[in-house]
Each structure stands twice: as structure tokens, then as C-alpha cells.
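J.:
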Amino acid sequence: MANHKSAIKRHRQSLKRAARNRAMKTRVRNVVKDVRAAVLEEDLAKAQEALRVANGILDKAAGKGVIHWKTAGRKISRLSKAVAGIKA
């Protein structure tokens, strides 16, 4: 454990940030799961609503640096493609 006052504060901050990032990553995984579940049920309205929510959360996570922006884009693209596949 750190002894200097500034290092103790840094440690506290890092724990807070790690918890925040972990929560955001969990939220991302859950919304992606929700979209995929709606696609499996072939419920178009539910899938579109879940996709709308997922897009916002993925963009927010990428903007805050929790996940890479290209990872967010890839996930949004693949989910959008899956939802569009229900219509066909």
C-alpha cells in the first residue's frame, strides 16, 4: 500500500474508476445480450427497441474510453445487421 498522501488518493481514484468501467462493461454485455435474445425470438419491435438502447450505451462506453471506438462500431454494425435480418 502507498504511503504518500498523493499516492493514496491516486489509489482511491483508480478503484473508483475501475468499478465504474466494470459496471459499464457489464451494461454493454447485457444490452448486447438483450438484442440477440430479441433477434432469436424474431420479435422485430422488441429487437429494434433493444438495438436503439444498445446503440446509445455502446456509443457512450466508446466515448468514455471503456471500450475501443472500433469495437463499439463493430458491435453496432453486427447487431443492426442481425435486426435487419428479421425483416427479410
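Just so you know, we're using my numbering here: the sequence shown kicks off at 1221 and counts up by one. Don't be surprised by glycine CBs; every beta carbon is placed ideally from N, CA and C. All of these numbers come straight from a predicted model, not from anything done at the bench.
1) Taking residue 1231 as part of the alpha helix (DSSP H), name the residues at either end of that continuous run.
2) Using alpha carbons as the reference points, say which of 1274, 1258, 1283, 1263 lies closest to residue 1249.
3) Taking Cβ positions, are residue 1255 and residue 1271 nearer each other than 8 Å?
4) Compute the distance between the beta-carbons of residue 1259 and residue 1265, then report whether it is under 8 Å.
5) With 16 other CB atoms within 10 Å as the buried threshold, where does residue 1235 fall?
T.: Straight from the coordinates:
1) If you number the sequence shown from 1, residue 1231 lands on position 11. First-last of the alpha helix (DSSP H) with residue 1231: 1225-1261.
2) Here residue 1249 refers to the residue found at position 29 when the sequence shown is read from its first residue. The shortest C-alpha separation from residue 1249 is found at 1274.
3) To locate residue 1255, count along the sequence shown from 1; it is residue 35. To locate residue 1271, count along the sequence shown from 1; it is residue 51. Cβ distance < 8 Å, so residue 1255 and residue 1271 count as in contact.
4) Here residue 1259 corresponds to residue number 39 of the sequence shown, with the count starting at 1. Here residue 1265 corresponds to residue number 45 of the sequence shown, with the count starting at 1. Contact: no.
5) Within the sequence shown, numbered from 1, the residue matching residue 1235 stands at position 15. Residue 1235 is exposed by the Cβ-count criterion.
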